[in-house]
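Notes follow once the structure below has been shown.
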Amino acid sequence: MSACPWALRSPLEQVYHDTEWGVPLFDDARLFELLVLETMQAGLSWTLVLQRREGMRAAFDGFDPAAIARYDGQKLRALQTDERIIRNRLKLASLPQNARAFLRVQQEFGGFSAYLWAFVDGQPHINHWRQPAEVPAQTALSQAVSRDMKSRGFSFLGPVTVYAYLQAAGLVNDHLVTCARHPVHMTSP
Numbered sequence: 001m002s003a004c005p006w007a008l009r010s011p012l013e014q015v016y017h018d019t020e021w022g023v024p025l026f027d028d029a030r031l032f033e034l035l036v037l038e039t040m041q042a043g044l045s046w047t048l049v050l051q052r053r054e055g056m057r058a059a060f061d062g063f064d065p066a067a068i069a070r071y072d073g074q075k076l077r078a079l080q081t082d083e084r085i086i087r088n089r090l091k092l093a094s095l096p097q098n099a100r101a102f103l104r105v106q107q108e109f110g111g112f113s114a115y116l117w118a119f120v121d122g123q124p125h126i127n128h129w130r131q132p133a134e135v136p137a138q139t140a141l142s143q144a145v146s147r148d149m150k151s152r153g154f155s156f157l158g159p160v161t162v163y164a165y166l167q168a169a170g171l172v173n174d175h176l177v178t179c180a181r182h183p184v185h186m187t188s189p
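So, in C-alpha cells, the structure goes:
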C-alpha cells in the first residue's frame with residue numbers, strides 16, 4: 001500500500017496527506033482556515049499553498065474570521081505587498097466577504113460545522129476509487145454546496161474549489177483504495 005499519488009509530489013504534501021487530508025473536521029476555526037486555504041489554492045499548486053500556510057496564518061490574523069471580516073481596502077492593499085502569502089487581488093478581496101458570510105452561517109446554524117455537515121447527513125461520503133483519473137473534479141454535492149454558499153454571500157467558491165474543500169475537510173473521502181489512509185485499511189480501536 002502507498003499514499004495517493006498526488007501526495008508524493010512533495011514532502012509537505014505527504015505530511016498533509018498523511019495527517020490532515022480527508023480527516024473529518026468539525027471544528028469551525030479549522031474549517032475556516034481550510035476554506036481560506038482552498039480559496040487561495042484555486043488555480044495553483046497545493047504545494048505552494050502549504051509553503052505559504054504559516055505566512056498566511058500570520059498575515060491573516062491566525063485565520064480568525066471575526067478579524068478578517070473587518071478587513072478594509074487599506075488592509076487588502078497592504079496584503080497585496082506581503083510576500084509571505086498568495087497575493088491574488090480577487091482572492092484577497094474574497095477574504096472579508098467570506099469571513100462575514102461564515103460568521104452569518106455560524107449564527108444561523110449554531111456553527112459552520114453544523115451547516116456544512118448537514119449536506120452529508122453528518123457522515124462522510126466514502127468513495128472507492130482505484131485510479132486518480134476516476135476522482136471527479138466536482139460532483140452534484142459540490143455543485144449544491146457551492147450554490148448554497150454563493151446564495152449566502154460567499155465568493156470565489158465554485159463547485160471545483162468546493163469539492164476540493166469537501167475532500168480536505170473529510171466530508172468526502174477520496175483516498176484511493178490502494179492508499180493506506182483509505183477507510184478500508186484503517187482499524188478502529
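Residue numbers (our numbering): 1 to 189. Ideal Cβ placement from N, Cα and C applies to all residues, glycine included. Given the structure is predicted, the values throughout are model-derived calculations rather than measurements.
According to DSSP, residue pairing for VAL172 in a beta bridge involves HIS125. DSSP places SER2 within a strand segment (E or B) once states are collapsed to three. Pairing ASN98 with THR39 gives a Cβ-Cβ distance under 8 Å. Approximately 20 Å separates the beta-carbon atoms of GLY170 and PRO65; this is outside 8 Å, ruling out the contact.
Beyond the five residues adjoining it in sequence on each side, HIS175 comes within less than 7 Å, by CB distance, of CYS4, GLY22, ARG181 and HIS182 in the same chain, given in chain order. The beta carbon of GLN131 sits closer than 8 Å to the beta carbons of LEU176 from its chain, once the five residues preceding and following it are set aside; these are given in chain order. If you draw a straight line from the Cα of ARG147 to the Cα of ALA67, it comes to about 26 Å.
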